[in-house]
Amino acid sequence: MRIATWNVNSIGARLETVLAWFRVEQPDVACLQEIKCVDEKFPAAEFEQLGYNLALHGQKSYNGVALLSKTPLEDVRKGLPGDEGDDHARYIEAVVSAARPVRVASIYLPNGNPIGTEKFVYKLRWMDRLACHAGELLALEEPLVLAGDYNVIPEPQDCDNPASWMGDALFQPETRAAFRRLRWLGLTDAYMEVDGAPGGYTFWDYQAGAWRRNHGIRIDHLLLSPQAADRLTGVLIHRDARGMDKPSDHVPVVAELDLG
DNA sequence: ATGGTAGACCTTCTA
Numbered sequence: 195m196r197i198a199t200w201n202v203n204s205i206g207a208r209l210e211t212v213l214a215w216f217r218v219e220q221p222d223v224a225c226l227q228e229i230k231c232v233d234e235k236f237p238a239a240e241f242e243q244l245g246y247n248l249a250l251h252g253q254k255s256y257n258g259v260a261l262l263s264k265t266p267l268e269d270v271r272k273g274l275p276g277d278e279g280d281d282h283a284r285y286i287e288a289v290v291s292a293a294r295p296v297r298v299a300s301i302y303l304p305n306g307n308p309i310g311t312e313k314f315v316y317k318l319r320w321m322d323r324l325a326c327h328a329g330e331l332l333a334l335e336e337p338l339v340l341a342g343d344y345n346v347i348p349e350p351q352d353c354d355n356p357a358s359w360m361g362d363a364l365f366q367p368e369t370r371a372a373f374r375r376l377r378w379l380g381l382t383d384a385y386m387e388v389d390g391a392p393g394g395y396t397f398w399d400y401q402a403g404a405w406r407r408n409h410g411i412r413i414d415h416l417l418l419s420p421q422a423a424d425r426l427t428g429v430l431i432h433r434d435a436r437g438m439d440k441p442s443d444h445v446p447v448v449a450e451l452d453l454g
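This is the structure in structure tokens:
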């Protein structure tokens, strides 16, 4: 089973780009972030025609996450528990039907910039809530994949120039510590497990020729429960997607699980 | 060079 995560930066603006990639890659499951539309505006028919079932948690203008699967999606949860007042659409979770079912979440973790503001506080609180919920899911001792745009640069080798990210919410010590705490719960960063050697990026800013200069960062991650990590056979960052026509600033990351 | 781009959208916010 191939599971993809991709921050598409507006499904409305990105439809042809995303469809072109889907027609070639045909992932079994896809976690999309920043669809930037309400559920009714999501181009469902186009993906259903490619054989996908959909679960959507959309929002007008900002955020919005989606799950696409070639097999039915069950036990859908929209929104991250722990704060009834949080109205950002940043989390959707469902169980993907299969001989060995897999619980998959599409995550759009808050950016948190600028630091020193309520936005950074919200990011750290959101990471605490995610750790709390992940702990509950891990207790089920099932295959689990928490995939998405974490807006976290885990280590210095996950960016081109660490010094330039020192003041950024994505690379703050508190941010990196919160991401480490997630892993200490028992979650495995799929990319680090398979590729070993760091250096792959998943995001290049539209500005300042970041793509041309390869000024990238690795912030899109798939975190796996032990029951999923045991079955991990490969991970690929689809770097070429950044060079497509009308690209997102993020590229897809695809993990393959052998669930036979 | 205090820059530069992209998306949603009502003029500025988010990233």
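Here the working numbering is used: the first residue of the first sequence is 195, the next is one more, and so on.
The C-beta atom is built at its ideal place from N, Cα and C for all residues, glycine as well.
Nothing here was measured: the structure is a model prediction, and the numbers come from that model.
Terminal residues of the beta strand (DSSP E) in which residue i lies
i: L318; result: No beta strand (DSSP E) contains L318, which is instead part of the alpha helix (DSSP H) from E312 to L332.
i: I197; result: R196 to N201
i: I286; result: Y285 to V290
i: R271; result: L267 to K272
i: A224; result: V223 to Q227
Contact check, residue i vs residue j, beta carbons under 8 Å
i: L324; j: L332; result: no
i: A238; j: L267; result: no
i: A283; j: G306; result: no
i: L426; j: L418; result: yes
i: A341; j: I197; result: yes
i: Y316; j: H415; result: no
i: L209; j: E240; result: yes
i: I286; j: S300; result: yes
i: L213; j: A260; result: no
i: V298; j: V388; result: no
i: A328; j: L379; result: yes
i: R217; j: L244; result: yes
i: G279; j: C326; result: no
Residue i: first and last residue of the uninterrupted alpha helix (DSSP H) it sits in
i: Q421; result: P420 to A423
Rounded distance between the beta-carbons of residue j and residue i, thought under 8 Å
i: W215; j: A435; result: 6 Å
i: T199; j: V445; result: Not confirmed; about 10 Å, so no contact.
i: C353; j: I411; result: 4 Å
i: N203; j: S442; result: 4 Å
Reference residue i, options the options, closest by Cα
i: L453; options: G306, G279, L303 and V296; result: V296
i: Q351; options: Y285, Y395, Y246 and R433; result: Y395
i: L381; options: N203, N345 and E335; result: E335
i: G206; options: C231, D383 and K317; result: C231
i: T456; options: D343, V289 and D443; result: Beyond the ends of the chain as shown, which are 195 and 454, falls residue 456; an answer cannot be given.
i: A371; options: W359, I347, V388 and Y385; result: I347
i: K313; options: T369, R217, N203 and V259; result: T369
i: L303; options: V445, R294, P441 and I413; result: I413
i: M386; options: S358, G329, A449 and R271; result: A449
i: N201; options: L451, D383, L376 and Y256; result: Y256
i: Y479; options: G393, H409 and P392; result: As displayed, the chain neither begins before 195 nor continues past 454, which places residue 479 out of reach and without an answer.
i: P367; options: E349, D277, G428 and I229; result: E349
i: G258; options: A293, V270 and D281; result: D281
i: N355; options: E219, G393 and G279; result: G393
i: S291; options: T311, G245, A357 and D269; result: D269
i: E234; options: K254, L244 and M321; result: K254
i: P221; options: V429, R406 and F397; result: V429
i: S358; options: A404, F373, W320 and A384; result: A404
i: G361; options: G276, T311 and R294; result: T311
i: R294; options: G437, Q421 and F365; result: Q421
Backbone secondary structure at residue i - three-state DSSP
i: L303; result: coil
i: V457; result: The question about residue 457 has no answer here: the residues shown for the chain are numbered 195 through 454.
i: V388; result: helix
i: L244; result: coil
i: L379; result: coil
i: V218; result: helix
i: I347; result: coil
i: W405; result: coil
i: S255; result: coil
i: D434; result: helix
i: T396; result: coil
i: D414; result: strand
i: L453; result: coil
i: S358; result: helix
i: G206; result: helix
i: R370; result: helix
i: A293; result: coil
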